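A.B. asks: Before I ask anything, let me first share the structure, which is written out below as structure tokens.
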Amino acid sequence: RDGRSILSAGKDRAIKRINVQTLKEEQTYSSHDDDVLSLALHPDGLRFVSSGNEPQLRWWNLDSSAPTKTQRGHSGPVHQLAFSRDGRKLISASGDGSTRIWDGTSGSPLRSLKGTTEWQFSAAISDDGKLAAAGGWDGLVHLWDAETGKLRGILVQIPRNTPESSSKDVGEDWLTLSPEGYFTGSPEI
Numbered sequence: 007r008d009g010r011s012i013l014s015a016g017k018d019r020a021i022k023r024i025n026v027q028t029l030k031e032e033q034t035y036s037s038h039d040d041d042v043l044s045l046a047l048h049p050d051g052l053r054f055v056s057s058g059n060e061p062q063l064r065w066w067n068l069d070s071s072a073p074t075k076t077q078r079g080h081s082g083p084v085h086q087l088a089f090s091r092d093g094r095k096l097i098s099a100s101g102d103g104s105t106r107i108w109d110g111t112s113g114s115p116l117r118s119l120k121g122t123t124e125w126q127f128s129a130a131i132s133d134d135g136k137l138a139a140a141g142g143w144d145g146l147v148h149l150w151d152a153e154t155g156k157l158r159g160i161l162v163q164i165p166r167n168t169p170e171s172s173s174k175d176v177g178e179d180w181l182t183l184s185p186e187g188y189f190t191g192s193p194e195i
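Per our numbering, residue 7 is the first one in the sequence shown, and the count goes up by one each step.
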């Protein structure tokens, strides 16, 4: 947060804090038994959470060498972590097909967000902690009310349909659907 160091996570099962000025390693955090896939720095700049191929979250103080807490909840790899701006909530996206909200201070689970079945690779939570989103293997982005867990909508980006495009090319057209059946989309939809 102060811009003096950066945290990195890797396949070496370690998290490293690197001094930005000298590019020298200041500290190594090693408690993971498998690849580290994600980490999120708490907005206070004093702690962070890490995750990886193991189905758990590890909570760390920046100046400690061991996690202060290990929290289970997912049953597959955890690919993404993100804090709300005030640090009161943490979101996680997992290969078990779930997206979860955690208390950003205690680490306690708050809710599992329903509606996804495929691997979830990315997640975000709004600055005010009221909205949560996750994107998965199926190409869908789900949007929830983070307070209640209610699904608010699903965003689909439509693949290009031209002779020279591959089946995985993403176009500029999009469609959003609500659970109540409402929809809107780009002008070409």
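Think of the CB as a built atom: it goes at the ideal place given N, C-alpha and C, for glycine as much as any other residue.
Values in this document were obtained by computation on a predicted structure and should not be read as measured data.
What is the rounded straight-line gap between the Cα of Gln163 and the Cα of Ile21?
C.D. replies: 34 Å
A.B. asks: From the DSSP output, in three-state form, read off Leu52 for me.
C.D. replies: Here DSSP, grouped into helix, strand and coil, assigns Leu52 to coil.
A.B. asks: As a quick exercise: from Arg7, Lys156 and Leu52, pick the residue whose alpha carbon is nearest that of Ala138.
C.D. replies: Comparing Cα positions, the closest option is Lys156.
A.B. asks: Can you give me the C-alpha to C-alpha distance between Gly121 and Glu178, rounded to a whole angstrom?
C.D. replies: 25 Å
A.B. asks: Mark Gly51 as exposed unless 16 or more other C-beta atoms lie within 10 angstroms of its C-beta, in which case mark it buried.
C.D. replies: exposed
A.B. asks: What residues are listed by DSSP as bridge partners for Leu116?
C.D. replies: Answer is none; Leu116 lacks a bridge partner.
A.B. asks: Going along the chain, which residues of its own chain have a beta-carbon closer than 7 Å to the beta-carbon of Leu181, five neighbours each way excluded?
C.D. replies: Taking Leu181 as the centre and dropping the five residues before and after it, the same chain places the C-beta of Val162, Ile164, Phe189, Gly191 and Ile195 closer than 7 Å to its C-beta, in chain order.
A.B. asks: Could you give the first and the last residue of the continuous beta strand (DSSP E) run that contains Gln27?
C.D. replies: Neither: Gln27 is in no beta strand (DSSP E) and is coded neither H nor E.
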